[in-house]
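Residue numbers (the UniProt record's numbering), protein chains in the order written: chain A, 1 to 224; chain B, 1 to 456.
Backbone N, C-alpha and C define an ideal beta-carbon position, used for all residues, glycine too.
Reading through the structure tokens given below for one structure.
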């Protein structure tokens, strides 16, 4: 899951990056509007944390910039306490949620997760995929109360495919969202297949996986 | 004069302008002294001789004026039976001598000669006026002499005086010169140290004028500022260009990517169409990454990255190995990571990460299935180094020459667009890291990174 953090205070940004990285997100930090817009055009992000007061303009400009491009990125704006107009303005411009400074990192994590899941049409924090329960907040998968031990990468792949249910997700997309922004050109992405194979093997012990499709030469799809 | 010799023989050890000027000034003064040393005695002699000649002539005039036969006889006969009369002063510094010349001897009427004479057993050098005259059919020679000893002493004193005086003058002026030249050149060194040496990019350039009493340096400073402003413009344009490229190229690429990805969701597509779309997506991804890579190189070369973080190299490697675990497994590669030196240096974390990532990924990519990779580090000549060796396909000498060039692939059947090592090279340059590559075809390649020593 790629997150762009647009925040001009390096210490706060670093704190957020550290926290979110620990929670399985791939983070990029942009310190101003210019860098943010450049990052947004170069990489594909799942969510963005946007501080409104930036050295070279307002976060609103970034928001307008991305919404023009019909991008489906989830946006959480960060505002100072009491700036009601800003919050309303932000939400009207297409932000999905807001946080007032100072905020607890755990709250930030929870909100981010909720937004991402809502964006993909899931109401609860536990995704039910044909009897497999994915607990988004604590990285656990179980089937009929039986816990399944998955590696971090396996969980990430499962989560990403589950969130993007009924869509063919290419190997490249998976690499991009789970391994991050790999500069390597033509990385053959075969290593993805290894992880998916292992994941399927682990899940296969509990139920049939006809809903977990391999799309030949392209990627994978979870049908729900 | 040793510095000048070294200047002539060792062109690598050049002197500073202040020293050159001081030495040049001192040398010219020395030359003047040497010339004076030789010319002055002659001049003094000339002047002194003229003066002596004059006084000798005056004495002769006085003597001749009152001269009559009786007196001559008095002088010559009255003295003793010889034909010579001589008188000399008490300290022998002058004498007068009158003698009768033989009839047949022909002499020049007036002549000046320098001759040693013995007076009362004492030899002295004299300047002598010889005056031959005829008086009542007899030829006489009048000689009036003036001692040259004093003159010689005087010349010696003058010479010694000159030497001491000029010696003092040379030393004094040399010191004054050195200080004055240094004072004059101060703005010059200030320009070099504060402006040029530390100016890595025009943004951090100090445009405040350097105070100077010299028009030349003021001009140099102004011209430098103007030049830097122009370079700054170019830099700004290039940054703008890079931003434009990334924006203008990436936006349509992501648009296409989204469209193709959405197209893939269409259930009615046949396998052939799906394959084609997937291939297009791969091409698009390659295009995106090439642009990203080129942008990265441009940005590094444009100093758009700051090297101001403390980076622990061994930690970066440890993280990378965890990230790349699956890649090692995929090719069944055994990894020996012996990097454990506690070394931190000021750099850009992201870039160092990319540098090491590219090297390790290369070691995987160009390795045989079941091969091995060894990473070790240490301190060599007070510099930290890290070595990444693989048991891969290696390179021949010709390939080695071109590995850091953009778009030069080691082998054509391997994937990758040959930008990975170009990036490695650019990042290493940016951080003053030296890369040494040794490779043997079919045996493996070793990349050795020599880090700059951290003095801070």
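The residue from 9(A), 159(A) and 71(A) with its alpha-carbon nearest to that of residue 94(A) is 71(A). Taking C-beta separations shorter than 7 Å and ignoring five residues to either side along the sequence, the partners of residue 423(B) in its chain run 293, 296, 297, 354 and 358, following chain order. Note: residue 29(A) is bridge-paired with 5(A) in the DSSP secondary-structure output. Using a Cβ-Cβ cut-off of 8 Å, residue 390(B) does not count as an interface residue toward chain A, since no Cβ of chain A sits closer than that to its own.
When secondary structure is reduced to three states using DSSP, residue 315(B) falls in the helix class. Taking the C-beta atoms as reference points, residue 282(B) is found nearer than 8 Å to residue 172(A). Against residue 191(A), the close residues of chain B are 326, 327 and 330, in the order they occur along the chain (beta-carbon pairs closer than 7 Å).
Residue 451(B) is positioned such that its CB atom lies no closer than 8 Å to that of residue 427(B).
For residue 194(B), the closest C-alpha among the options 207(B), 26(B), 182(B) and 185(B) is that of 207(B). For residue 266(B) and residue 278(B), the gap between their C-alpha atoms comes out near 13 Å. In this structure the segment 87-101 of chain B lies against the segment 138-153 of chain B, because at least three pairs of beta carbons, one per stretch, are closer than 8 Å.
The criterion of a C-beta distance shorter than 8 Å is satisfied by residue 339(B) and residue 377(B). One finds nothing in chain B with a Cβ atom closer than 8 Å to the Cβ of residue 21(A); even the nearest lies about 11 Å away. Assignment of residue 215(A) by DSSP, reduced to helix, strand and coil, places it in the strand class. Runs of the alpha helix (DSSP H) lying entirely within the UniProt domain "OmpR/PhoB-type" (124-224) of chain A, each at least 4 residues long, are 152-163, 171-174 and 190-204 in chain order. Counting along the chain, residue 283(B) sits inside the alpha helix (DSSP H) bounded by residues 271-301. Residue environment: residue 91(B) is assigned as exposed (fewer than 16 neighbouring CB atoms within 10 Å of its CB, all protein chains considered). Taking a C-beta distance under 8 Å as the contact criterion, residue 28(A) and residue 39(A) qualify as a contact pair. Under the three-state reduction of DSSP, residue 354(B) is assigned to helix.
Residue 345(B) sits buried, since 16 or more C-beta atoms from the chains shown fall within 10 Å of its C-beta.
Rounded to the nearest angstrom, the gap between the Cα atoms of residue 242(B) and residue 303(B) is 13 Å. The C-beta of residue 243(B) comes closer than 8 Å to at least one C-beta of chain A.
Scanning 213(B), 212(B), 226(B) and 186(B) for the CA closest to the CA of residue 205(B) turns up 226(B).
Each of 169(B), 101(B), 124(B) and 129(B) was checked against the Cα of residue 110(B), and the nearest Cα belongs to 129(B). Counting along the chain, no beta strand (DSSP E) covers residue 14(A); the unbroken alpha helix (DSSP H) around it starts and ends at 10-22. Closest option to residue 448(B), judged by alpha-carbon separation, among 389(B), 404(B), 429(B) and 396(B): 389(B). Taking a C-beta distance under 8 Å as the contact criterion, residue 109(A) and residue 20(A) qualify as a contact pair. The criterion of a C-beta distance shorter than 8 Å is not satisfied by residue 161(B) and residue 26(B). With fewer than 16 neighbouring CB atoms inside 10 Å of its own CB, residue 39(B) falls in the exposed class. Residues of the segment 95-120 of chain A with a Cβ closer than 8 Å to any Cβ of chain B: none. Within chain B, the residues whose beta carbon sits less than 8 Å from that of residue 217(A) are 274, 275 and 278, listed in sequence order.
Taking C-beta atoms as the reference points, residue 394(B) and residue 441(B) count as a pair closer than 8 Å. Residue environment analysis places residue 89(B) among the exposed positions, since fewer than 16 neighbouring C-beta atoms fall within 10 angstroms of its C-beta. At a cut-off of 8 Å between beta-carbon atoms, residue 79(A) makes no contact with chain B.
Against chain B, a Cβ distance below 7 Å from residue 167(A) picks out 265. Look at the segment 130-189 of chain B and you find these whole runs of beta strand (DSSP E), each 3 residues long or longer: 138-147.
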